[in-house]
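A.B. asks: Residues 8 to 305, numbered by our numbering, are exactly what the sequence shown covers, in order. For glycine and all other residues, C-beta sits at the position ideal for the given N, C-alpha and C. Mind having a look at this structure? Questions to follow.
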Amino acid sequence: YKDYFEKGLRRPGDPHLRVKDMDRDGVDAEVIYGILAACAKMKDPEAADEMLRIYNDFLHDFTNHYPDRMIGLACLPYNNIEGAAREVRRVAKKGMKGVELSCSWHMTSMWHPMWDPLWEAVNETQLPLHFHTFPATDPELRKQLEPSIARRMTYSGLCRFQMTLATILTDLMGAAVFERFPNIRVVFGESGIGWIPYVIDRMDFEYKDQYQDLKLKKMPSEYWRNQCRATFQYDRVGTKLIEDMGVETLMWGSDFPHPDGVWPESKKYIDDQFKHLPPDVVYKMTCENAGKFYGLMN
């Protein structure tokens with residue numbers, strides 16, 4: 008372990024080495040997001056569904072080595088709504104503490120009623136539903152471009168990919184998902200937070216101005232505070248706008264083991280972006296909010 012420690016290598020695939028990496032970074036517990044866009048790379052939907060079931064069973068066993076330190080999110084397919092609903096109920100019976108819907112640039116918009124069976128299953132089981140950031144364009148396009156042009160594409164995508172989740176948030180709000188399914192709790196993973204106050208304000212304005220026929224019983228901003236959460240690792244703009252979102256809706260994370268994450272220097276980034284904030288606010292975002300949300304603390 009000493010050699011790996013000094014070389015700074017990540018070991019996410021072994022639960023016992025993984026907790027050592029968490030200890031190195033001063034992290035008490037973590038939420039493990041899944042295999043993300045794997046479904047989009049498979050041409051056989053049935054094979055994709057089976058792959059996710061196998062992964063979810065693996066993740067259940069993996070996190071059970073350290074159940075007080077690891078929260079695993081079961082992955083759901085986006086191209087089989089009925090299958091996703093069945094998987095929600097299956098993993099809920101296994102005792103998993105959250106689900107994640109794999110997203111893609113070509114998926115059907117979530118204002119469409121075809122998604123209702125999934126919302127019903129999530130509402131019934133009360134498992135938190137997670138959406139991770141995803142590319143807005145097909146990554147395969149890079150292979151068709153000259154390297155210098157591909158660099159332009161990846162730069163553009165990396166600078167704005169977090170804001171793809173604004174589409175999902177506004178889709179859910181416009182479809183009155185939070186009103187119709189009051190037990191649904193949504194988490195936007197690695198979303199960043201700087202864009203959220205603008206989108207919340209815009210949803211409120213448009214609803215009051217010309218969309219009251221959507222028949223929401225609350226303002227969109229109220230649904231946000233009651234049923235939504237967002238995670239981020241480094242967002243200096245967002246930390247200046249906390250009151251516009253509600254500190255209770257924000258959860259910091261390191262994005263381990265991704266190379267653009269802040270491990271093993273989490274404390275450095277926490278201190279830098281939160282230095283202007285009161286200690287109790289920092290504690291909520293770095294510990295209390297997630298601890299209570301996932302049932303790791305009272």
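In this structure, does DSSP put L152 in helix, strand or coil?
C.D. replies: Stepping through the sequence shown from its first residue, residue 152 is reached at position 145. Three-state result, L152: coil.
A.B. asks: Could you give the DSSP three-state label for H137: helix, strand or coil?
C.D. replies: The residue given as residue 137 occupies position 130 in the sequence shown. The answer is strand: DSSP assigns H137 an E or B state.
A.B. asks: Counting pairs of beta carbons, one from the segment 130-147 and one from the segment 33-47, are three or more of them closer than 8 Å?
C.D. replies: Yes: the two stretches touch, three or more of their Cβ pairs being nearer than 8 Å.
A.B. asks: Unbroken beta strand (DSSP E) runs of length 3 or more, entirely within the segment 13-42: which are they?
C.D. replies: Taking only runs of at least 3 residues, the beta strand (DSSP E) segments lying wholly in the segment 13-42 are 37-39.
A.B. asks: I191: which of G298, I200, A128, M160 sits nearest, CA to CA?
C.D. replies: Position 184 of the sequence shown, counted from the first residue, corresponds to residue 191. When only C-alpha atoms are compared, the closest one is A128.
A.B. asks: Could you give the C-beta distance for A81 and E94, rounded to a whole number, given that I count them as a contact under 8 Å?
C.D. replies: Mapped onto the sequence shown, residue 81 falls at position 74. Mapped onto the sequence shown, residue 94 falls at position 87. Confirmed, Cβ separation roughly 7 Å.
A.B. asks: Is it buried or exposed for H281, if we count other Cβ within 10 angstroms and need 16 for buried?
C.D. replies: Walking along the sequence shown from the start, residue 281 turns up at place 274. For the record, residue 281 in the displayed sequence is Phe; it is not His. F281 should be labelled buried.
A.B. asks: Starting from V193, follow its DSSP beta bridges and name the residues at the other end.
C.D. replies: Taking the sequence shown and counting its residues from 1, the one referred to as residue 193 is at position 186. Answer by DSSP bridge pairing, in chain order: L136, C235.
A.B. asks: Below 8 Å, can you find three or more Cβ-Cβ pairs linking the segment 221-232 to the segment 182-189?
C.D. replies: Touching, yes, given that three or more Cβ pairs across the two stretches are closer than 8 Å.
A.B. asks: Between M210, F239, A237, which lies nearest to K225 when the distance is taken from Cα to Cα?
C.D. replies: On the sequence shown, residue 225 is found 218 positions in, with the first residue counted as 1. Residue M210 is the option with its Cα nearest to K225.
A.B. asks: Measure the Cβ-Cβ separation of L67 and G102 and say whether it is below 9 Å.
C.D. replies: Stepping through the sequence shown from its first residue, residue 67 is reached at position 60. Stepping through the sequence shown from its first residue, residue 102 is reached at position 95. In the sequence on display, residue 67 carries His and not Leu. Yes, they are a contact pair.
A.B. asks: Please return the same chain residues whose Cβ sits closer than 7 Å to the Cβ of P124, not counting the five positions on each side in sequence.
C.D. replies: As a working mapping, residue 124 is identified with position 117 in the sequence shown. The answer, listed in chain order, is I88, E89, A92.
A.B. asks: Taking only runs that begin and end inside the segment 246-290, name each unbroken alpha helix (DSSP H) of 4 or more residues, in chain order.
C.D. replies: Counting whole runs of 4 or more residues, the segment 246-290 contains the alpha helix (DSSP H) stretches 249-252, 273-281, 286-290.
A.B. asks: With a threshold of 8 Å on Cβ separation, who are the neighbours of Q133 within its own chain once the five nearest residues in sequence on each side are excluded?
C.D. replies: Taking the first residue of the sequence shown as 1, we reach residue 133 at position 126. Here the set comprises N190, R192.
A.B. asks: For a quick check, are the C-beta atoms of V288 and T238 less than 9 Å apart?
C.D. replies: As a position in the sequence shown, residue 288 is number 281, starting the count at 1. As a position in the sequence shown, residue 238 is number 231, starting the count at 1. No; because the gap between Cβ atoms is not below 9 Å, this pair is not in contact.
A.B. asks: Could you pull out every residue in the same chain whose Cβ sits closer than 7 Å to the Cβ of R243, ignoring the five residues on either side in sequence?
C.D. replies: The residue you call residue 243 lines up with position 236 of the sequence shown. Around R243: Q280.
A.B. asks: Comparing C-alpha positions only, which one of N305, Y290, P271, T115 sits nearest to M29?
C.D. replies: Along the sequence shown, read from residue 1 onward, the residue named residue 29 stands at position 22. Considering only alpha carbons, the answer is P271.
A.B. asks: Applying the 10 Å Cβ sphere with the 16-neighbour rule, what's the burial state of R158?
C.D. replies: Residue numbering aside, residue 158 sits at position 151 when the sequence shown is read from its first letter. Exposed: under 16 other Cβ atoms inside 10 Å.
A.B. asks: Does the beta-carbon of F12 have 16 or more other beta-carbons within 10 angstroms, so that it is buried, or is it exposed?
C.D. replies: Along the sequence shown, one-based indexing puts residue 12 at 5. Unreliable positioning characterises F12 in this predicted model, as indicated by a pLDDT of 49, which lies under 50. The coordinate reading is nonetheless provided below. That one is exposed.
A.B. asks: In terms of DSSP beta bridges, what is V106 paired with?
C.D. replies: Residue numbering aside, residue 106 sits at position 99 when the sequence shown is read from its first letter. Its beta-bridge partners are A81, L136.
A.B. asks: Residues in the same chain with beta-carbon distance under 7 Å from S155, minus the five sequence neighbours each way, listed in chain order, please.
C.D. replies: In the sequence shown, counting from the first residue as 1, residue 155 sits at position 148. If we look at S155 and ignore the five residues flanking it on each side, it has no Cβ neighbours.
A.B. asks: Among the residues of its own chain, which have a CB less than 7 Å from the CB of T246, if the five just before and after it don't count?
C.D. replies: The residue given as residue 246 occupies position 239 in the sequence shown. Closer than 7 Å at Cβ, skipping near neighbours: Q280, F281, L284.
A.B. asks: In whole angstroms, what separates the C-alpha of A47 from that of P286?
C.D. replies: As a working mapping, residue 47 is identified with position 40 in the sequence shown. As a working mapping, residue 286 is identified with position 279 in the sequence shown. Spanning the two alpha carbons is a distance of roughly 42 Å.
A.B. asks: Around the Cβ of E197, are there at least 16 other Cβ atoms within 10 angstroms (buried) or fewer (exposed)?
C.D. replies: For the purposes of this step, residue 197 is taken as residue 190 along the sequence shown, with counting starting at 1. Buried, by the Cβ-count rule.
A.B. asks: Within its chain, find whatever has a CB closer than 6 Å to the CB of M170; leave out the 5 residues flanking it on each side and keep chain order.
C.D. replies: Mapped onto the sequence shown, residue 170 falls at position 163. Excluding positions up to five away in sequence, the list reads W202.
A.B. asks: Rounded to a whole number of angstroms, what is the C-alpha to C-alpha distance between A45 and L176?
C.D. replies: Position 38 of the sequence shown, counted from the start, is the residue given in the question as residue 45. Position 169 of the sequence shown, counted from the start, is the residue given in the question as residue 176. Rounded to the nearest angstrom, the two C-alpha atoms are 22 Å apart.
A.B. asks: Taking its Cβ as the centre, do 16 or more other Cβ atoms sit within 10 Å of L148, making it buried, or is it exposed?
C.D. replies: One-based indexing of the sequence shown puts residue 148 at position 141. The residue in question, L148, is exposed, as its Cβ has fewer than 16 Cβ neighbours within 10 Å.
A.B. asks: Measuring alpha carbon to alpha carbon, tell me which of V206, P266, N130, M121 ends up nearest L165.
C.D. replies: Your numbering for residue 165 matches position 158 in the sequence shown. For L165, the nearest C-alpha among the options comes from P266.
A.B. asks: Please determine, among D216, K215, E255, D251, the residue with the shortest C-alpha to C-alpha distance to N233.
C.D. replies: The count along the sequence shown starts at 1 and reaches residue 233 at position 226. Closest by alpha carbon: E255.
A.B. asks: Can you name the start and end residues of the alpha helix (DSSP H) that G90 belongs to?
C.D. replies: Within the sequence shown, numbered from 1, the residue matching residue 90 stands at position 83. Here the alpha helix (DSSP H) through G90 covers 88-101.
A.B. asks: Alpha carbon to alpha carbon, what distance is there between R31 and L24?
C.D. replies: By one-based count along the sequence shown, residue 24 stands at place 17. By one-based count along the sequence shown, residue 31 stands at place 24. One C-alpha to the other measures close to 11 Å.
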